[in-house]
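A.B. asks: In the working numbering, the protein residues as written are 16 to 185. Cβ atoms here follow ideal geometry from the backbone N, Cα and C, with glycine treated the same way. This is the structure, below, for whatever I ask next.
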């Protein structure tokens, strides 16, 4: 039973990736206002953070995925009229977390609705390809609703990082 294109995006409703939060070596977070310029701000924040963490190998993939996740949150997860309104309450938050060999990008938004992949048949379409791109460039992704006093959800993408080669003492 091989996987085919129609089931590729099926396991959307997953918890956080199986990583020990206590073992995270770096973490950074950024609150984003409900404006489309927030996508650019998220990319700049990601660039600065990845430069500090010295994980340039996956830089282009991570920036593309961050752009798509933030765009999706602004476009589909905010209350009607929230984007471009005068009220600049940060409704979307970007989290970057790095373990030794893994990087996770997580975008929190106030909507409880699950992310939905639209048909990706029309590759010339300007929108609707976000989750297809996330699936293509990340090594894994999923989402989960927030619990407790927090409402909304988190959509996350996981990237494998190349192992750092230790210089041998020989």
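In angstroms, rounded to a whole number, what distance separates the CA positions of residue 116 and residue 173?
C.D. replies: Approximately 11 Å, taken between the alpha carbons.
A.B. asks: Would the region 37-56 and the region 78-92 be scored as touching if the rule is three or more Cβ pairs under 8 Å?
C.D. replies: Touching, yes, given that three or more Cβ pairs across the two stretches are closer than 8 Å.
A.B. asks: Over the uninterrupted alpha helix (DSSP H) stretch that includes residue 38, give me the two end residues.
C.D. replies: No alpha helix (DSSP H) contains residue 38, which DSSP labels as neither H nor E.
A.B. asks: In the DSSP assignment, find the alpha helix (DSSP H) that holds residue 90 and state where it starts and stops.
C.D. replies: Unbroken alpha helix (DSSP H) run through residue 90: 74-91.
A.B. asks: So for residue 114, helix, strand or coil by DSSP?
C.D. replies: In the structure shown, residue 114 sits in coil (DSSP, three-state: anything other than H, G, I, E or B).
A.B. asks: Near residue 112, which residues of its chain fall below 6 Å by C-beta distance, leaving aside the five closest residues on each side in sequence?
C.D. replies: Once the five neighbours on either side are set aside, the close Cβ partners of residue 112 are 39, 42 and 119.
A.B. asks: Can you tell me where the beta strand (DSSP E) with residue 172 in it begins and where it stops?
C.D. replies: Run containing residue 172: 168-175, per the beta strand (DSSP E) assignment.
A.B. asks: For the putative contact between residue 71 and residue 125, defined by C-beta atoms under 8 Å, what is the C-beta separation to the nearest angstrom?
C.D. replies: Actually they are not in contact, since the Cβ atoms of residue 71 and residue 125 sit about 33 Å apart, beyond 8 Å.
A.B. asks: Please classify residue 109: does DSSP put it in a helix, a strand, or coil?
C.D. replies: Three-state DSSP puts residue 109 in a strand.
A.B. asks: State the Cα-Cα distance for the pair residue 48 and residue 108, rounded to the nearest angstrom.
C.D. replies: The alpha-carbon atoms of residue 48 and residue 108 are separated by roughly 9 Å.
A.B. asks: My output table needs one value for residue 161: the three-state DSSP class, helix, strand or coil.
C.D. replies: Correct three-state label for residue 161: coil.
A.B. asks: At what residues does the alpha helix (DSSP H) containing residue 145 begin and finish?
C.D. replies: 145-152 is the extent of the alpha helix (DSSP H) around residue 145.
A.B. asks: Residue 164: buried (16+ other C-beta within 10 angstroms of its C-beta) or exposed?
C.D. replies: When all chains shown are included, residue 164 counts as exposed.
A.B. asks: Who are the near neighbours of residue 177 in its chain, counting only those whose CB is closer than 6 Å to its CB and skipping five residues on each side?
C.D. replies: The answer, listed in chain order, is 72.
A.B. asks: DSSP has residue 47 in a bridge; who is on the other side?
C.D. replies: Per DSSP, 107.
A.B. asks: Tell me residue 124's beta-bridge partners as DSSP assigns them.
C.D. replies: Answer is 168.
A.B. asks: By DSSP, does residue 70 sit in helix, in strand, or in coil?
C.D. replies: Coil.
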